[in-house]
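Novice: Let me give you the structure first, and then I'll get to my questions.
So, in structure tokens, the structure goes:
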């Protein structure tokens with residue numbers, strides 16, 4: 001009888017010591033001043049897009065789903081940083097077309113402009129109408145709280161959802177604040193946007209809320225951010241190869257490219273960022289990094305980088321002068337998933 005009592009007591013004590021999994025610190029051994037370039041297969045990732053008036057986001061999402069197919073990443077969710085009359089249906093349609101019906105969808109936390117797109121309607125044709133979207137911050141908190149491995153985030157549009165995540169309060173998914181949850185559960189934050197060494201970028205200046213959001217996250221994100229400046233990806237092209245092989249315009253990405261008004265692909269700001277983030281800026285991506293500090297003028301949206309050996313953040317630069325290499329690598333992923 002005493003033996004049974006001891007076992008019961010031990011069980012009770014062990015149970016009382018267990019903590020909410022959402023509070024587990026996955027970064028306890030992480031160097032908070034260095035990049036966290038996770039090359040583990042099936043690493044978890046969230047992609048945050050402004051897929052609307054430009055079409056490079058559609059190429060970026062195709063690359064994300066292709067990397068998910070290949071086991072490079074485990075795509076957990078896609079969030080919008082803009083609103084629109086049918087953008088959630090468009091995203092649902094895209095994910096169904098890509099064979100990813102279970103990926104979570106997040107609705108923008110801020111009503112950023114623009115609220116239109118030349119290809120939302122055609123993407124919505126593929127939707128089953130069962131969107132069931134989360135508010136973006138709720139989606140982030142759910143994924144982070146439930147994860148037992150660090151979650152990478154790639155933003156290809158405004159960073160307003162990220163600001164709102166950092167400022168979020170405890171909820172049904174976690175007792176932690178957003179800042180605490182990010183510090184314990186997030187891997188690397190990759191941000192597509194800004195200009196090096198200085199200038200204006202659409203992802204920062206176009207929406208007023210985006211200016212203050214970029215400034216806020218640059219100051220309050222607990223780890224170094226890796227910025228994909230627009231003067232790197234903006235020199236590359238994605239989608240031209242797909243358009244050349246899909247002559248009958250059957251694939252959803254091909255259709256989006258033509259709806260945007262191009263028959264020669266699109267500048268590759270967003271797809272380049274997602275491709276590199278997926279591979280954690282590994283050898284295949286042929287990139288270098290430099291430490292920087294960043295200042296963002298919240299009135300104008302203009303950013304200024306200053307090189308610094310002890311800089312808080314990082315920017316990328318290409319190690320390869322062959323633009324065709326990068327273009328071909330991205331187009332390969334577009335084409336391999338295309339439904340021709």
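In this note's numbering, the protein residues as written are 1 to 340. Built from N, CA and C at the ideal position, the CB exists for glycine as well. Please read all numbers here as calculations on a predicted model, not as lab measurements.
(1) Roughly how many angstroms separate the alpha carbons of residue 181 and residue 23, rounded to a whole number?
(2) Could you check where the beta strand (DSSP E) with residue 47 kicks off and where it finishes?
(3) Is the CB-CB distance between residue 80 and residue 117 below 8 angstroms?
(4) Which of the three DSSP states, helix, strand or coil, is assigned to residue 105?
(5) Rounded to whole angstroms, what's the CA-CA distance from residue 185 to residue 100? Just pull it up for me.
(6) Could you say which of 91, 325, 89, 135 lies nearest to residue 160 if we only look at CA atoms?
(7) From what residue to what residue does the beta strand (DSSP E) around residue 288 run?
(8) CA-CA distance, residue 74 and residue 140?
(9) Do residue 105 and residue 133 count as a contact pair if the criterion is CB distance below 8 angstroms?
(10) By the three-class DSSP mapping on this structure, what secondary structure does residue 274 have?
(11) Give me whichever residues DSSP pairs with residue 198 in a beta bridge.
(12) Name the DSSP bridge partner or partners of residue 80?
(13) Pick from 244, 175, 254: whose alpha carbon is nearest that of residue 57?
(14) Quick one: any contact between the stretch 119-130 and the stretch 88-97, if contact means 3 or more CB pairs under 8 angstroms?
(15) By Cβ distance below 8 angstroms, which residues in the same chain neighbour residue 66 in space, the five residues on each side in sequence not counted?
(16) Check the C-beta distance from residue 190 over to residue 226 and give it rounded, since I have them as a contact under 8 angstroms.
(17) Comparing C-alpha positions only, which one of 167, 148, 149, 151 sits nearest to residue 137?
(18) Buried or exposed: where does residue 295 fall if 16 or more other Cβ atoms within 10 Å of its Cβ makes it buried?
(19) Specify the secondary structure class of residue 228 as computed by DSSP and reduced to three states.
(20) My guess is that residue 154 and residue 246 are in contact by the Cβ rule of under 8 angstroms, so how many angstroms apart are they, rounded?
(21) What's the gap between the Cα of residue 50 and the Cα of residue 242?
(22) Whose C-beta lies closer than 8 angstroms to the C-beta of residue 340 among residues of the same chain, with five residues either side of it excluded?
Specialist: In short, the structure shows the following:
(1) For residue 181 and residue 23, the distance between alpha carbons rounds to 7 angstroms.
(2) Note, residue 47: beta strand (DSSP E), 43-49.
(3) For residue 80 and residue 117, no; Cβs fall outside 8 angstroms.
(4) Under the three-state reduction of DSSP, residue 105 is assigned to strand.
(5) Inter-residue distance for residue 185 and residue 100 is about 24 angstroms (C-alpha atoms, whole angstroms).
(6) If we check each option's Cα against that of residue 160, 135 comes out closest.
(7) Residue 288 -> beta strand (DSSP E) spans 287-296.
(8) One C-alpha to the other measures close to 15 angstroms.
(9) Remark: C-beta atoms of residue 133 and residue 105 approach each other more closely than 8 angstroms.
(10) Three-state result, residue 274: helix.
(11) Beta-bridge partners of residue 198 (DSSP): 304.
(12) For residue 80, which the question treats as bridged, DSSP gives the partners 49.
(13) When only C-alpha atoms are compared, the closest one is 254.
(14) Because the criterion of three Cβ pairs below 8 angstroms is met, the stretch 119-130 and the stretch 88-97 touch.
(15) Closer than 8 angstroms at Cβ, skipping near neighbours: 333, 334, 336, 337.
(16) The C-beta separation of residue 190 from residue 226 comes to about 5 angstroms, placing the pair in contact by the 8 angstroms criterion.
(17) Out of 167, 148, 149, 151, 167 has the C-alpha closest to the C-alpha of residue 137.
(18) Per the 10 Å Cβ criterion, exposed.
(19) Note: residue 228 maps to strand in three-state DSSP.
(20) Between residue 246 and residue 154 the Cβ distance is about 26 angstroms, and since that is not below 8 angstroms, they are no contact.
(21) In a straight line, the C-alpha of residue 50 is about 22 angstroms away from that of residue 242.
(22) Correct list, in chain order: 245, 246, 248, 250, 251.
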